[in-house]
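> Provided herewith is a single structure, encoded as structure tokens, for subsequent inquiry.
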Amino acid sequence: MALAAWRGAKDRLAETFAATWGGAFIRGLGLDADLEACTQVDTTDVVPVARGSPPVVTARPLARARG
């Protein structure tokens with residue numbers, strides 16, 4: 002189900018997020034550019050990983066799919 006949702010929205014993520022309650026809230030705050038920025042794909046080679054209590058956040062290399 003998640004894969005189908007991704008395939009249906011991947012080419013218009015900002016528009017899809019903007020149509021949600023949270024997206025409307027963000028737009029209402031005048032943060033439209035933030036919606037656009039947070040829906041960019043493959044803009045970094047690391048992902049944050051939080052572990053422990055209290056959590057410690059470290060950067061982990063992103064394993065990209067081949068093909």
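Numbering of the sequence shown is given in the working numbering, commencing with residue 2 and proceeding in unit increments.
All C-beta atoms in this analysis are idealised placements derived from N, C-alpha and C, irrespective of residue type, glycine included.
Flag this pair as touching only if the region 36-51 and the region 18-28 have three or more C-beta atom pairs under 8 Å; answer yes or no.
The region 36-51, when compared against the region 18-28, does touch it at the 8 Å Cβ threshold.
> Taking leucine 63 and aspartate 46 to be in contact with their CB atoms under 8 Å, please state how far apart those CB atoms are, rounded to whole angstroms.
Taking the first residue of the sequence shown as position 1, residue 63 is located at position 62. Taking the first residue of the sequence shown as position 1, residue 46 is located at position 45. Rounded, the Cβ-Cβ distance is 5 Å, consistent with contact.
> Have a look at arginine 52 and alanine 60 and give me their C-alpha separation to the nearest angstrom.
Along the sequence shown, read from residue 1 onward, the residue named residue 52 stands at position 51. Along the sequence shown, read from residue 1 onward, the residue named residue 60 stands at position 59. Roughly 11 Å separates the two Cα atoms.
> Expressed to the nearest angstrom, what Euclidean distance is found between the alpha-carbon atoms of valine 57 and valine 50?
Position 56 of the sequence shown, counted from the start, is the residue given in the question as residue 57. Position 49 of the sequence shown, counted from the start, is the residue given in the question as residue 50. Cα to Cα, the separation comes out at about 8 Å.
> Following the continuous beta strand (DSSP E) through arginine 61, name the residue where it begins and the one where it ends.
Walking along the sequence shown from the start, residue 61 turns up at place 60. Run containing arginine 61: 57-62, per the beta strand (DSSP E) assignment.
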